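This note's numbering numbers the first residue of the sequence shown as 29 and each following residue consecutively. This report concerns only the one structure given below.
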Amino acid sequence: MRNRAGQTLLLLKKQLSQLSPEAQSLGQQLLNHRDMLIGRYKRLLELKMTALRCRCHGDYHLGQVLYTGKDFVIIDFEGDPNRPLSERRMKRSPLRDVVSLIHSLYYSSAIALRNEIGTGLIRSEQLPIMEQWSKFFYAWSSTAFLKQYLATAADLSFLPHHAAELQTLMESYALDQAMADLQDKLITGREQIEIPMARAMALLEAAKGNPW
Numbered sequence: 029m030r031n032r033a034g035q036t037l038l039l040l041k042k043q044l045s046q047l048s049p050e051a052q053s054l055g056q057q058l059l060n061h062r063d064m065l066i067g068r069y070k071r072l073l074e075l076k077m078t079a080l081r082c083r084c085h086g087d088y089h090l091g092q093v094l095y096t097g098k099d100f101v102i103i104d105f106e107g108d109p110n111r112p113l114s115e116r117r118m119k120r121s122p123l124r125d126v127v128s129l130i131h132s133l134y135y136s137s138a139i140a141l142r143n144e145i146g147t148g149l150i151r152s153e154q155l156p157i158m159e160q161w162s163k164f165f166y167a168w169s170s171t172a173f174l175k176q177y178l179a180t181a182a183d184l185s186f187l188p189h190h191a192a193e194l195q196t197l198m199e200s201y202a203l204d205q206a207m208a209d210l211q212d213k214l215i216t217g218r219e220q221i222e223i224p225m226a227r228a229m230a231l232l233e234a235a236k237g238n239p240w
């Protein structure tokens, strides 16, 4: 995760001048917080984790969840197609999948807001309140999902035994997810690049609570 973050920030620095003014501002903020960002992963080395690892989905997001009319079906268990098969087969904490879906909820709320602005459905004077509603949707949906997940899996061995471990894992995975998304956009195209940068900055600036 630290290597990915370092590589992504280096790539961002090289491409910064080619981004839009909004993206340049966010990108510079992220670059200014490099030491803080890299330092966040150090906490993983300072805790002895009590949770077990297992093979998990590896590419879990809203596009992999289908509603049948009565229930939900999860599809595409081959993992992240951008990673080698040997890496996809590695055992990991399933909390990575949890964080990946939460990231997807964040992304969907941000995209929905951008689309409404782009089509003119939201006037400039309405933007502040609609931004708050977008944040509310993300906070409510992600909290509902996480709360139910933790309640259902409470007695299972792949969850940490202590709250500090859970928070450290969730925060680290959330930041890594944002950096992976940013890295992908820098490599394959810069459309909507502001979203992962804003997500990463929000995670860094969240001093209390559950920032994921």
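Just so you know, even glycine gets a beta-carbon here, dropped at the ideal spot from N, CA and C. Please read these numbers as outputs of a predicted model, since none were measured by experiment.
Determine whether the Cβ of alanine 51 lies closer than 8 Å to any Cβ atom of chain C.
Going by chain labels, chain C is absent from the structure shown, which holds only one protein chain.
Can you give me the start and stop residues for the beta strand (DSSP E) that phenylalanine 100 sits inside?
Start and end: 100-102.
Would you give the residue range spanned by the alpha helix (DSSP H) that tyrosine 135 belongs to?
That run of the alpha helix (DSSP H) goes 123-146.
Between which two residues does the beta strand (DSSP E) containing leucine 38 stretch?
The continuous stretches of beta strand (DSSP E) do not include leucine 38, which lies in the alpha helix (DSSP H) extending over residues 30-43.
Going by C-alpha to C-alpha distance, which of Leu231, Ile223, Ala234 sits closest to serine 53?
Ranking Leu231, Ile223, Ala234 by CA distance to the CA of serine 53 puts Ile223 first.
Report yes if the C-beta distance between alanine 202 and leucine 231 is below 8 Å; otherwise report no.
Their beta carbons are under 8 Å apart, which means alanine 202 touches leucine 231 by this criterion.
Less than 8 Å separating the beta-carbons of isoleucine 103 and leucine 113?
For the 8 Å CB-CB criterion, isoleucine 103 and leucine 113 do not form a contact.
Tell me which same chain residues have a C-beta within less than 6 Å of the C-beta of leucine 72, skipping the five on either side of it?
Excluding positions up to five away in sequence, the list reads Ser200.
Excluding the 5 residues preceding and the 5 following glutamine 35 in the sequence, name in chain order all residues of the same chain whose CB lies nearer than 6 Å to its CB.
Hits under 6 Å: none found.
Would DSSP call tyrosine 88 helix, strand or coil?
DSSP places tyrosine 88 outside both helix and strand once states are collapsed to three, so it counts as coil.
Measure the beta-carbon distance from alanine 79 to serine 121 and round it to whole angstroms, keeping in mind my assumption that it falls under 8 Å.
That pair is a contact at about 6 Å.
Range of the contiguous beta strand (DSSP E) that encloses tyrosine 95:
Run containing tyrosine 95: 93-95, per the beta strand (DSSP E) assignment.
So, with DSSP's three-state summary, where would you put arginine 68?
Three-state DSSP puts arginine 68 in a helix.
Under the three-state reduction of DSSP, which class applies to alanine 235: helix, strand or coil?
The pLDDT assigned to alanine 235 is 44, lower than 50, so where the model puts this residue is not dependable, and the model offers no usable value.
Cutoff 6 Å; reference tyrosine 166; Cβ partners in own chain excluding five residues on either side
Exclusion of the five residues before and after tyrosine 166 leaves Leu133, Tyr134, Ser137 as the residues of its chain whose Cβ lies within less than 6 Å of its Cβ.
For the alpha helix (DSSP H) containing glutamine 154, name the first residue and the last one.
Premise fails: glutamine 154 is in no alpha helix (DSSP H) and is neither H nor E.
Just the Cα atoms here: how many angstroms apart are valine 101 and serine 45?
Between the alpha carbons of valine 101 and serine 45 lies a gap of roughly 43 Å.
Provide the residue(s) that pair with arginine 120 in DSSP beta bridges, ordered along the chain.
Paired residues: Cys82.
Rounding to the nearest angstrom, what Cα-Cα distance links arginine 81 and phenylalanine 186 in this structure?
Computed Cα separation, rounded: 6 Å.
First through last residue of the alpha helix (DSSP H) which encompasses glutamine 46
No alpha helix (DSSP H) holds glutamine 46; DSSP gives it neither H nor E.
Using a Cβ-Cβ cutoff of less than 8 Å, which residues in the same chain neighbour lysine 213 once the five nearest sequence positions on both sides are dropped?
Apart from the 5 residues on each side of it in sequence, lysine 213 sits with its Cβ closer than 8 Å to the Cβ of Glu219, Gln220, Ile221, Pro224 in its chain, given in chain order.
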